[in-house]
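Trainee: Take this structure first; my questions come after.
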Amino acid sequence: GAGVSQSPSNKVTEKGKDVELRCDPISGHTALYWYRQRLGQGLEFLIYFQGNSAPDKSGLPSDRFSAERTGESVSTLTIQRTQQEDSAVYLCASSPFRQAQETQYFGPGTRLLVL
Amino acid sequence: GNSVTQMEGPVTLSEEAFLTINCTYTATGYPSLFWYVQYPGEGLQLLLKATKADDKGSNKGFEATYRKETTSFHLEKGSVQVSDSAVYFCALKHYGGSQGNLIFGKGTKLSVKP
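Chains A and B, in that order, give the protein sequences. For the first sequence, my numbering assigns the number 215 to the last residue and increments by one with no breaks. For the second sequence, my numbering assigns the number 163 to the last residue and increments by one with no breaks.
Here's what the structure looks like:
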């Protein structure tokens, strides 16, 4: 079946502009995660959604970052007033349940470059 | 807090050499442990996992054993191939509370030369 898809695959923007990144999880997956991978570093957790529960926003680095998800479908990650340090690959993942043993399936990522 | 530490790369090996990538973790309770791999130009994908102490995860000739006594989950392969060249990430995951996300190490880049 179809995997996790993300769009756009690449985004170049100017400092101070807002950007919106999209994630389509695997159908039926209730949990959805956003991560950030900056150059030469590991993945940093940003936010996750589980069904209709309130999202866990504990990983968001600042109030310029926000995300939404409607039910168990598409999610959008919005970065307002982008800064150069926001340049990174933004990865989305989904899993069937938020239990420890469930594997997360990752999308190909959106590579964001802030000039 | 929870954390994962893995050996820094890059690691360069000749084909058919033995591979070990060390990974240790700090966590409360009993996390599940994972190795993810990122091949050049591709997305992150699960390589193997173990959900409880003494479990051994294995896939594509790679193995890792969940050692609670040493809080380790070292990745091994007896004979690497050029196609194994990739970045390998060790990760842990808890269930419950705000710890449903994966916590990753910084990644180890492996280059295998023919």
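All C-beta atoms, glycine included, are put in the ideal place defined by N, C-alpha and C.
Out of curiosity, what's the CA-to-CA distance linking W90/B and V136/B?
Mentor: Residue 90/B sits at position 41 when you count from the first residue of the second sequence. Residue 136/B sits at position 87 when you count from the first residue of the second sequence. This sequence places Gly at residue 90/B; Trp is not what is there. Answer to the nearest angstrom: the Cα atoms are 11 angstroms apart.
Trainee: Roughly how many angstroms lie between the CA atoms of K105/B and K142/B, to the nearest whole one?
Mentor: For the purposes of this step, residue 105/B is taken as residue 56 along the second sequence, with counting starting at 1. For the purposes of this step, residue 142/B is taken as residue 93 along the second sequence, with counting starting at 1. Distance between the alpha carbons of K105/B and K142/B is about 16 angstroms.
Trainee: I need the straight-line Cα distance from D118/A to Q183/A, nearest angstrom please.
Mentor: Here residue 118/A refers to the residue found at position 18 when the first sequence is read from its first residue. Here residue 183/A refers to the residue found at position 83 when the first sequence is read from its first residue. Rounded to the nearest angstrom, the two C-alpha atoms are 10 angstroms apart.
Trainee: Mind checking R138/A: buried by the 16 CB within 10 Å criterion, or exposed?
Mentor: Translated into positions along the first sequence, residue 138/A becomes position 38. R138/A comes out exposed.
Trainee: Take every Cβ of the segment 121 to 135 of chain A, pair it with every Cβ of the segment 187 to 197 of chain A, and state whether three or more of those distances are shorter than 8 angstroms.
Mentor: Contact holds: three or more Cβ-Cβ distances are below 8 angstroms.
Trainee: For Y135/A, which residues does DSSP report across the bridge?
Mentor: Here residue 135/A corresponds to residue number 35 of the first sequence, with the count starting at 1. DSSP lists F145/A, L191/A as partners of Y135/A.
Trainee: Return the CA-CA distance between V104/A and Q94/B, expressed in angstroms with no decimal places.
Mentor: Position 4 of the first sequence, counting from 1, holds the residue named residue 104/A. Position 45 of the second sequence, counting from 1, holds the residue named residue 94/B. Answer to the nearest angstrom: the Cα atoms are 11 angstroms apart.
Trainee: Cα-Cα, which of A131/A, T210/A, Q106/A is closest to N152/A?
Mentor: The residue given as residue 152/A occupies position 52 in the first sequence. When each option's Cα is compared against that of N152/A, the closest is A131/A.
Trainee: What are the boundary residues of the beta strand (DSSP E) that Y74/B is part of?
Mentor: Looking up residue 74/B in the second sequence gives position 25. Here the beta strand (DSSP E) through Y74/B covers 72 to 75.
Trainee: Where do the ends of the beta strand (DSSP E) carrying D124/A lie?
Mentor: Counting from one through the first sequence, the residue named residue 124/A turns up at place 24. Run containing D124/A: 119 to 124, per the beta strand (DSSP E) assignment.
Trainee: One question on the structure: do R211/A and S109/A come within less than 8 angstroms of each other, judged by their Cβ atoms?
Mentor: Working through the first sequence from its first residue, we reach residue 211/A at position 111. Working through the first sequence from its first residue, we reach residue 109/A at position 9. In this structure, S109/A lies closer than 8 angstroms to R211/A by Cβ.
Trainee: List the residues of chain A whose Cβ lies closer than 9 angstroms to the Cβ of L95/B, in chain order.
Mentor: Counted from its first residue, the second sequence places residue 95/B at position 46. Result: T203, Q204, Y205, F206.
Trainee: If I measure Cβ to Cβ from E172/A and keep anything under 6 angstroms in the same chain, skipping five residues before and after, which residues do I get?
Mentor: Within the first sequence, the letter at position 72 stands for residue 172/A. Cβ within range, chain order: T130.
Trainee: Are the C-beta atoms of N71/B and some chain A residue less than 8 angstroms apart?
Mentor: Within the second sequence, numbered from 1, the residue matching residue 71/B stands at position 22. Taking Cβ atoms only, chain A never reaches closer than 8 angstroms to N71/B, which makes this a no.
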